[in-house]
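This report concerns only the one structure given below.
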Amino acid sequence: MKILVAISNVPDTTTKIAFSDNDTKFSTQGVQFIINPYDEWYALVRALELKEAGKATGVTLFHVGLVDSEATIRKGLALGADDAVRVNAESPDSFFVAEQIAKYAKENAYDLILVGKETINYNGSSVGGMIGGLLDFPFVSLATKLDVNGNTATVEHDVDGGIQVVECATPLVISCSKGMAEQRIPNMRGIMAARTKPITVVEATTDAPLTNIKSFALTAGRTTCKYIDANNVEELVSLLHNEAKVI
Amino acid sequence: MSVLVYIEIAKGKVKKASLEATNYAAQIATQLGTWVTAIAFNADAAQAEEIGKAGAKKVLVVKGDQYKNNDAVYLSAAIEQAAKAEGAKVIITSFDVTGKSLAPILSAKLKAGLVAGAVDYPTVNGNVLEVKKNVFSGKATAIYTINSDVKIISLMPNSFPVKLSDNKAEITDFAVDLGGITSKIVIKETKSTDTAGMIPLPEAELVVSAGRGLKGPENWGIIEDLAKAIGATTACSRPVADMHWRPHHEHVGQTGIAIRPNLYIAIGISGAIQHLAGVNGSKTIVVINTDKEAPFFKSADYGIIGDAFEVVPKLTEAIKKLKANN
Chain E
22 MKILVAISNV PDTTTKIAFS DNDTKFSTQG VQFIINPYDE WYALVRALEL
72 KEAGKATGVT LFHVGLVDSE ATIRKGLALG ADDAVRVNAE SPDSFFVAEQ
122 IAKYAKENAY DLILVGKETI NYNGSSVGGM IGGLLDFPFV SLATKLDVNG
172 NTATVEHDVD GGIQVVECAT PLVISCSKGM AEQRIPNMRG IMAARTKPIT
222 VVEATTDAPL TNIKSFALTA GRTTCKYIDA NNVEELVSLL HNEAKVI
Chain Y
25 MSVLVYIEIA KGKVKKASLE ATNYAAQIAT QLGTWVTAIA FNADAAQAEE
75 IGKAGAKKVL VVKGDQYKNN DAVYLSAAIE QAAKAEGAKV IITSFDVTGK
125 SLAPILSAKL KAGLVAGAVD YPTVNGNVLE VKKNVFSGKA TAIYTINSDV
175 KIISLMPNSF PVKLSDNKAE ITDFAVDLGG ITSKIVIKET KSTDTAGMIP
225 LPEAELVVSA GRGLKGPENW GIIEDLAKAI GATTACSRPV ADMHWRPHHE
275 HVGQTGIAIR PNLYIAIGIS GAIQHLAGVN GSKTIVVINT DKEAPFFKSA
325 DYGIIGDAFE VVPKLTEAIK KLKANN
């Protein structure tokens with residue numbers, strides 16, 4: 022059972038977002054980059070657990086990004102992934118990213134392709150489904166538990182108003198969400214070993230992206246908070262009813 | 025050349041998100057000089073009629089047991105055929121649980137550019153659509169251009185209005201040739217997470233949320249009472265879910281779920297950036313906290329500086345009085 026875990030390089034969760042170049046680019050000045058939490062804490066850690074349990078033979082990281090992402094990829098290797106592949110391109114569009122993953126996964130016969138449910142920078146929640154559509158592989162989204170027995174995956178995932186347990190033969194694509202595994206801290210041994218694990222660089226396909234970002238804008242904050250005295254909650258209720266009109 | 029909209033029916037009703045999508049599709053159709061065709065699976069006459077009132081000129085009803093579990097394998101095959109038959113260049117779905125599987129799969133099959141989670145109507149620029157969506161977990165927005173011939177937009181739920189008119193749609197059966205396609209996904213069990221009649225959190229318009237300020241899981245009775253009085257769904261911050269005081273699916277935040285209710289009441293939650301990312305799309309935010317320096321107040325519309333254990337029960341009583349008098 023070979024597992025491919027796709028990881029994104031994203032600004033850490035406390036970053037103050039700013040844009041440059043006339044609001045057409047995300048400003049990386051002073052920004053700390055991390056592996057997208059859903060990719061790392063859920064997809065990658067679960068893959069490593071399956072390998073530790075003897076249910077998977079290898080875990081490969083896959084990333085679409087330029088050479089500045091390599092520090093982030095090394096973090097994933099430090100956690101225990103065996104090797105990594107980096108497609109040397111910027112990732113402007115989910116479909117473009119999905120195409121790169123799909124091509125590599127197919128050419129190298131991966132049984133499980135794991136992605137995080139969404140990235141914290143673009144929130145598209147799209148790459149997993151696109152890989153499934155491109156390869157005609159089953160896609161299970163928003164998975165909160167994953168187990169494997171031989172060639173069958175048992176997955177628990179969110180559906181409307183509930184949780185569904187499904188079984189599916191590999192190969193398949195799964196997008197991973199909270200509950201699947203717990204965040205791990207890499208140990209010294211892992212960090213040292215990561216230095217010599219291979220990151221293979223490949224060129225991207227030449228297809229044009231289907232979408233592009235034209236411009237960014239910061240979300241306007243709420244202007245002022247109207248304070249209500251703790252002894253006068255009736256006033257809050259009145260404001261919510263008459264002013265905000267939400268109740 | 026129509027705009028095709030995917031309709032989902034749940035618990036015998038057309039989902040509000042699907043009505044929002046139909047309204048939105050009608051708006052685009054007007055901009056493009058065309059009309060809306062809706063595709064609905066196993067819809068009855070009343071449901072098809074409602075879809076017409078939301079702005080569909082045509083409703084294609086697809087019948088079949090395979091569609092009952094919203095398996096995207098079957099849904100996407102059917103929608104692909106409908107899009108071809110109708111010459112649809114724009115497909116609209118909701119950015120909800122089904123939409124998050126369906127839209128990307130369709131995008132791949134049709135090589136159709138997708139903007140997932142749109143928060144505004146598109147701008148038409150010749151053959152290009154420009155659509156705004158949230159990025160950086162709601163801290164910013166981005167305008168995307170969709171350059172492909174066929175385009176897909178999935179809508180952020182609860183972001184667009186639903187207006188029903190007298191419009192009568194042409195309702196027809198649409199035959200889909202699944203040609204032996206079988207989904208490899210086998211459903212073993214479905215468990216409901218709906219708690220005591222509360223609307224599921226992703227769809228809730230009223231939410232009462234609490235965090236570490238409540239000091240322990242045994243104190244949640246006041247939160248549940250307030251939620252019940254308002255008709256709201258309960259939610260919580262990450263530390264409280266991690267400590268198992270509340271179930272995982274209540275966790276709202278950057279690594280939990282993002283919600284956009286009309287009202288979000290945050291009790292005993294300081295308002296860390298990661299939590300705000302999950303709730304800053306709310307229309308109205310109320311913060312109740314003993315700490316006047318709590319960062320959440322900077323992102324609130326209304327605030328009460330006070331002890332939750334005193335304020336919340338009083339708030340519940342005041343809400344009950346309001347409901348009794350109206």
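Protein chains in written order, with the working numbering: chain E, 22 to 268; chain Y, 25 to 350. Virtual Cβ for every residue (Gly too), placed ideally from N, Cα, C. Small disclaimer: the values here were computed from a predicted structure and weren't measured.
Open item on the list: Taking CB distances under 7 Å as the criterion, tell me whether Ala132(Y) reaches chain E.
Closed with: yes
TODO: Kindly say whether Lys166(E), judged by its beta-carbon, lies nearer than 7 Å to any beta-carbon of chain Y.
DONE: no
Open item on the list: Below 8 Å on C-beta distance, what does Phe54(E) contact in chain Y?
Closed with: The premise fails here: Phe54(E) is roughly 13 Å from chain Y at the closest Cβ pair, so nothing lies under 8 Å.
TODO: Taking C-beta pairs closer than 9 Å, name the residues in chain Y that Gly183(E) reaches, listed in chain order.
DONE: Thr214, Lys215, Ser216, Thr217, Asp218, Pro224
Task: Any 3 or more C-beta pairs closer than 8 Å across the segment 163-175 of chain E and the segment 112-119 of chain Y - done: no
Open item on the list: Spatial neighbours of Ile220(E) within its chain, please: C-beta separation below 7 Å, excluding the five flanking residues on both sides.
Closed with: Glu91, Ile94, Ala105, Arg107
Open item on the list: Please state whether the Cβ-Cβ distance between Leu167(E) and Arg67(E) is less than 7 Å.
Closed with: yes
- [ ] Output, in sequence order along the chain, the residues in the segment 121-155 of chain E whose CB is closer than 9 Å to any CB in chain A.
- [x] The question asks about chain A, but that chain is absent: this structure's protein chains are E and Y.
Task: the segment 77-89 of chain Y / the segment 226-236 of chain E touching (three or more Cβ pairs under 8 Å) - done: no
Task: Meets three-Cβ-pair contact criterion under 8 Å: the segment 227-237 of chain Y and the segment 195-213 of chain E - done: no
TODO: With DSSP as the reference, label Ala64(E) as helix, strand or coil.
DONE: helix
Task: Beta-bridge pairing of Ile220(E) - partner residues as DSSP gives them - done: Ala105(E)
Open item on the list: Taking the beta carbon of Met213(E) as the centre, do at least 16 other beta carbons fall within 10 Å, making it buried, or is it exposed?
Closed with: exposed
Open item on the list: Which residues in chain Y have a C-beta closer than 9 Å to the C-beta of His262(E)? List them in chain order.
Closed with: Leu346, Asn350
- [ ] Any chance you could list the beta strand (DSSP E) runs of at least 3 consecutive residues sitting entirely within the segment 127-189 of chain E, in chain order?
- [x] 133-137, 160-170, 173-180
- [ ] Return helix, strand or coil for Glu203(E), following the three-state DSSP convention.
- [x] coil
- [ ] Determine which residues of the segment 185-203 of chain E have a Cβ less than 7 Å from any Cβ of chain Y, and write them out in chain order.
- [x] Gln185, Val186, Val187, Glu188, Cys189, Ala190, Lys199, Gly200
Open item on the list: What would DSSP say about Phe160(Y), mapped onto helix, strand or coil?
Closed with: helix
Task: 9 Å Cβ cut-off: residues of chain E touching Tyr145(Y) - done: Those do not exist, as Tyr145(Y) stays about 15 Å from chain E at its closest Cβ, beyond 9 Å.
Task: Buried versus exposed call for Thr35(E) [16 or more other C-beta atoms within 10 Å across all chains shown] - done: exposed
Task: Proximity of Phe158(E) and Gly150(E) at Cβ, strictly below 7 Å - done: no
Task: Reference Val159(Y); option with closest CA among Leu155(E), Leu71(E), Tyr143(E), Ile152(E) - done: Tyr143(E)
TODO: Tell whether a beta-carbon distance below 7 Å holds between Leu99(Y) and Leu138(Y).
DONE: no
Task: Secondary structure, alpha helix (DSSP H): runs of 4+ residues fully inside the segment 67-100 of chain Y - done: 69-77
Open item on the list: Alpha carbons only, please: which of Glu188(E), Pro192(E), Gly137(E), Gln53(E) is nearest the one belonging to Lys199(E)?
Closed with: Gly137(E)
- [ ] Would you list, in chain order, the members of the segment 213-233 of chain E that have their beta-carbon closer than 7 Å to a beta-carbon of chain Y?
- [x] Leu231, Thr232, Asn233
Task: Collapsed DSSP secondary structure at Ile291(Y) in the structure displayed - done: strand
Task: Residues of the segment 27-45 of chain E whose Cβ lies closer than 7 Å to any Cβ of chain Y, in chain order - done: Thr34, Thr35, Ile38
Task: Backbone secondary structure at Glu32(Y) - three-state DSSP - done: coil
TODO: On the DSSP bridge assignment, give the partners of Asp197(Y) in chain order.
DONE: Val85(Y)
TODO: Less than 8 Å between the CB atoms is what I'm expecting for Ala107(Y) and Val83(Y), so what's the real figure, rounded?
DONE: Their Cβ separation, rounded to whole angstroms, is 15 Å, which puts Ala107(Y) and Val83(Y) out of contact at 8 Å.
Task: Within-7 Å CB hit, Phe237(E) to chain Y - done: yes
Open item on the list: For a quick check, are the C-beta atoms of Ile177(Y) and Ala142(Y) less than 7 Å apart?
Closed with: yes
Task: Contacts around Phe116(E), its chain only, beta-carbon distance under 6 Å, and the 5 residues preceding and following it disregarded - done: Met151, Leu231
TODO: Taking all protein chains shown into account, decide if Ser189(Y) is buried (16 or more other Cβ within 10 angstroms of its Cβ) or exposed.
DONE: exposed
Open item on the list: Do Ala102(Y) and Val86(Y) count as a contact pair if the criterion is CB distance below 7 Å?
Closed with: yes
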